[in-house]
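Numbering (the working numbering), first residue to last: -19 to 243.
Note sheet for the following structure.
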Ligand SMILES: NC(=O)c1ccc[n+]([C@@H]2O[C@H](COP(=O)([O-])OP(=O)(O)OC[C@H]3O[C@@H](n4cnc5c(N)ncnc54)[C@H](OP(=O)(O)O)[C@@H]3O)[C@@H](O)[C@H]2O)c1
C-alpha cells in the first residue's frame, strides 16, 4: 500500500498511541481522518496535521456506522481506540463489561466489516488492528482486556485470509509496555528493573511499515517481552507461574488502580 495520497482513518487519535499514529501516517503523506471522544484534544491535532476530525463515542450503537459515513472513502482503517479493561472481573459492573466489549472488540469488527466491504469493492485497502501482547499471553487482573485482545487477534488473522482475494490487507500490531504517553504511562506504574518499554513513535513506525508491507503481525516490544509472549501462547500455565514469580501481580494491581478512571 502506497500511503502518499491515501486516506487513513485512525480511531482513538486523542490517546497516547493514537496521536503518534496520526503523526506517523500524516508524515508519510496520507490524508488523516482522526476520531476520538474529546473534541478539545482531537480538533487541534487534526488541524495541525492538515486532517479532519470526527468526534464519536464508539461505545454507542450506530456510532461506528456514522463515523465511517462521515469519514467518506478510506484506504486504511486503523482500529486503535480501546479501554484498558484492567482489574478483576468482579470489580466490573455489567454495564462496564459491555462498554469494554463494545469499544475494544465489537466496534473494530463492525468497522472492519463496513470499511472492508467498501475496500473490497474498490479492490484495494488495508485494515489495521492495534492489539497488545495481551492478545498473545494472558495475565491475572486482565481477563477482560485479554478477552478483547485475544479475540481481536483471531478475528484479524481469519479476516486476512478472507480479504486476500479482494486486494485488502490486514495487519495486527502487538505493543508491549509503552512509555511516555498512553494507557500504561498514564497509570504511573513502575516496572521491575530489566523490563523494557517502547515509545508511541515506535508503535507508529511499526504500524506504518506493516501497512506498507502488508505484514500479518508485528510485535512492538523488547526481545525478552516478545519471548515471554510466545511462551504465554505455547505454555500458558508455565507463563502464569513465571509472571507470578516476576511480580506480575503488583504490576497488574497497580495498573488496575491507575486505570480505574478509564472504565
Ligand atoms: N499504552 C500501552 O502501553 C499499550 C500497550 C499495548 C497495547 N495498547 C493499545 O494501544 C491502543 C491505544 O492505547 P493508548 O495507550 O493510546 O490508550 P489511551 O491513551 O488511553 O487512548 C485510548 C484512546 O481510545 C479512545 N476511546 C476510549 N473509549 C472510547 C470510546 N467509547 N469511543 C471512542 N474512543 C474511545 C480514547 O478517546 P478519548 O481520549 O477522546 O476519550 C483515546 O483516544 C489501544 O488499543 C491499547 O489497547 C496500548
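We put the CB at the ideal spot given by N, CA and C, even for glycine.
Just so we're clear, the structure is a prediction, and the values are computed from it rather than from any experiment.
Between residue i and ligand 1, is the CB less than 7 Å from at least one heavy atom?
i           : result
residue 60  : yes
residue 240 : no
residue -3  : yes
residue 89  : no
residue 96  : no
residue 130 : no
residue 211 : no
residue 190 : no
residue 181 : no
residue 150 : no
residue 172 : no
residue 32  : no
residue 166 : yes
residue 163 : yes
residue 231 : no
residue 28  : no
residue 234 : no
residue 21  : yes
residue 112 : yes
residue 92  : no
residue 117 : no
residue 157 : yes
residue 83  : yes
Which residues share a DSSP beta bridge with residue i?
i          : result
residue 57 : -11 and 107
residue 89 : Paired residue(s): none; residue 89 is not in a bridge.
residue 25 : None; residue 25 has no bridge partner.
Is residue i near ligand 3, with its Cβ less than 7 Å from a heavy atom?
i           : result
residue 202 : By its list of ligands, the structure shown excludes ligand 3, since it contains just ligand 1.
Length at least 4, wholly inside the stretch 34 to 83: the alpha helix (DSSP H) runs in chain order
43 to 51 and 74 to 81
On the three-pair Cβ rule with 8 Å, is the stretch 85 to 99 touching the stretch 42 to 62?
yes
For the stretch 92 to 154, which segments carrying the alpha helix (DSSP H) assignment without a break, of at least 4 residues, lie completely within its bounds, in sequence order?
123 to 143
Any contact of the stretch 114 to 131 with the stretch 165 to 183, i.e. 3+ C-beta pairs under 8 Å?
no
Could you tell me whether the stretch 107 to 118 touches the stretch 55 to 69, using the rule of 3 or more Cβ pairs below 8 Å?
yes
Is it a yes or a no for the stretch 134 to 148 touching the stretch 176 to 188, going by three-plus beta-carbon pairs under 8 Å?
no
Is the number of C-beta pairs between the stretch 191 to 209 and the stretch 90 to 98 that are closer than 8 Å three or more?
no
Report the start-end ranges of each beta strand (DSSP E) in the stretch 182 to 240 that is 3 residues or longer and not cut off at the edges.
197 to 200
Stretch-stretch touch, CB-based, cutoff 8 Å, three pairs: the stretch 12 to 32 with the stretch 69 to 77:
no
Does the contact criterion of 3 or more C-beta pairs under 8 Å hold for the stretch 112 to 120 versus the stretch 201 to 220?
yes
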